[in-house]
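Here the numbering used here is used: position 110 in the sequence shown is 110, and no number is missing along the way.
See below for the structure under consideration.
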Amino acid sequence: MQIRSQILKLYFFEFLTSFRITDAIWVFLLIHRGFNLAQVGVAEAVFHLVSFCCEVPSGMAADLLGRRRTLFCSGILVTVSCVCMLAIDNFFGVLLSMIFNALSYNLTSGTDQALLYDSLLAAGQQERYLAVSSRQSVLCRVSFAVSGLSSFWAVAAGWQVCYVLTAVLGLASSLLAAALHEPLVTDAQKARAARALRELPHRLAVHFQQSFCFLRKNPRAACIMLSTAGVSTANYMTLMLLQDYLPTIGLPAGAIGIPLLLIDLLGSVGVWLAPRAAKKRTFFALAMLCIVFAGAGTLLAAAGFAPLSIVGAALAAVFDGMLDTASGAALNDTLPSDQRATLLSVSSMLYSLLMIAASPLSGAVSTAAGTPAAAIALMGALLLACGPLLGRLYRAVRSRRLSRSD
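If you want it as structure tokens, here you go:
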């Protein structure tokens, strides 16, 4: 395996899978089609309910059946999701599309990180993971941000064009995934091809037991996952609500892509700074810093003045990107290769669990208050309140680790 070629392919794959016009402005597209915020909240909740239920099984499939094969299937499901949205022009079609879209994310989530880490491990270059992962995340955010500019022409071209383009990109990502090399760094991975499919149920049971035992014996990993999921939930919900909020405080609807682009690009700054910040601080100190500033930025995003709201959301995005990148490196350094994708999927599962609650709640709060600002402010306040609680949890886990080592 040529590690340079593998990394370049993974960079390109990340860019392709992140360039999803329909995901960047999906709230805008649904509202433009006549759906209300309550329906948007239900659709988002369905997305994350499916993600929650299928996140760990998809990670297990990646570990047991192969990461490259899993990424290939992810691109196919993107296309299926778009076909459902195009073929069924009602709310049921929206929900069905969200289900397949969630499954596509499930298959990618954790799998791409596991493939990258094990590729570097096979080449004896695992110490490069944080730097390579940081660049990969920057590409992801820049790609997603650029796709958000589609709001300029989405109204004129029609929402159908957006979904057709996304379907084509899904097929392209599958072809690229097929060209990736599958790194085999353990005996279990090398024996995948020789295993019969009838053994899969037993292998799944054993794999689940091994993964659960790892988390039970490593509470620090669970704490890292929880803090990252909380900040990511608040950041994503803020971006979703801003698509409806910014036009009500003076921003033209057709220009919504500009602030979304700026916010995502500034979030990439946090990703880029993560390797430097991780060298200067412990993960605990860095996590607390990110939680506090992300909470403050989210509160500022609820201001009734568009420039302040954009600045606040950008501040939250910077520290969300920093925490997400640093936590990925901290987790991968402790995870066993045979369960890597599964355990990374647990982190995404926690995020989905929080989103299942946050999506309908934010929609209900926004509808009751008559403005999305109420839901945004509530999330900012919750982040600031949960920061000290997570700090106490980190300290308790650290004390337990120190007492065991003594």
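C-beta: ideal position from N, C-alpha, C; glycine also.
query                                                                                                        : result
Whole beta strand (DSSP E) elements within the stretch 300-384, 3-residue minimum                            : none
Under the three-state DSSP convention, the category D89 falls into                                           : coil
Alpha helix (DSSP H) segment containing E55, residue limits                                                  : L37 to L65
Nearest-angstrom Cα separation, counted from E55 out to S337                                                 : 18 Å
Local Cβ density within 10 Å of F92, reported as buried at 16 or more and exposed below that                 : exposed
Boundaries (first-last residue) of the alpha helix (DSSP H) holding R141                                     : Y129 to S147
Cβ-based burial, G416 [other Cβ within 10 Å; buried from 16]                                                 : Only positions 1 to 406 of the chain appear in this structure, which leaves residue 416 out of reach.
For L390 and R135, the rounded distance between their alpha carbons                                          : 28 Å
Distance CB(G363)-CB(G66) smaller than 8 Å                                                                   : no
8 Å contact criterion, which I21 and L165 should meet: CB distance rounded                                   : 6 Å
Continuous alpha helix (DSSP H) stretch holding G170: start and end                                          : W159 to A178
Proximity to L335 [Cα-Cα], best of A255, A222 and D23                                                        : A222
I3, enclosing alpha helix (DSSP H) - first and last residue                                                  : I3 to S18
Spatial distance of C386 from I99 (CA atoms)                                                                 : 30 Å
Inter-residue Cα distance where the pair is L308 and L315                                                    : 10 Å
Environment of F305 [buried if 16+ CB atoms lie within 10 Å]                                                 : exposed
Per-residue DSSP class, three states only, for S119                                                          : helix
Contact check, L383 vs G295, beta carbons under 8 Å                                                          : yes
Complete alpha helix (DSSP H) runs within the stretch 206-273 (minimum length 4 residues, chain order)       : 219-248
Which listed residue (M60, L103, G59 and M85) has its alpha carbon closest to that of I76                    : L103
Three or more C-beta pairs below 8 Å linking the stretch 259-279 and the stretch 212-230                     : no
8 Å Cβ cutoff met for A229 and Y129                                                                          : no
Inter-stretch contact at 8 Å, needing at least 3 Cβ pairs: the stretch 317-329 / the stretch 67-86           : no
Whole-number beta carbon distance between A375 and V365, since they are thought to touch under 8 Å           : 4 Å
Collapsed DSSP secondary structure at V292 in the structure displayed                                        : helix
Under 8 Å between C-beta atoms of L16 and L169                                                               : yes
Host alpha helix (DSSP H) of I25 (start-end)                                                                 : Where I25 is concerned, there is no enclosing alpha helix (DSSP H), given that its DSSP letter is neither H nor E.
Cβ contact (3+ pairs, closer than 8 Å) linking the stretch 262-270 and the stretch 339-356                   : no
For S143 and A341, the rounded distance between their alpha carbons                                          : 24 Å
Cβ neighbours of S97 in the same chain (closer than 6 Å, five flanking residues each side left out)          : S81, C84 and M85
Residues near C140 in its chain [Cβ-Cβ closer than 7 Å; skip 5 each side]                                    : E14 and S18
A156 classed as buried or exposed, judged by whether at least 16 other C-beta atoms fall within 10 angstroms : exposed
Backbone secondary structure at V185 - three-state DSSP                                                      : coil
Reference A61, options L107, A329 and C290, closest by Cα                                                    : L107
Through-space distance from M379 to L115, alpha-carbon basis                                                 : 34 Å
Supposed close pair Y105, S174 - CB separation, criterion 8 Å                                                : Their Cβ separation, rounded to whole angstroms, is 15 Å, which puts Y105 and S174 out of contact at 8 Å.
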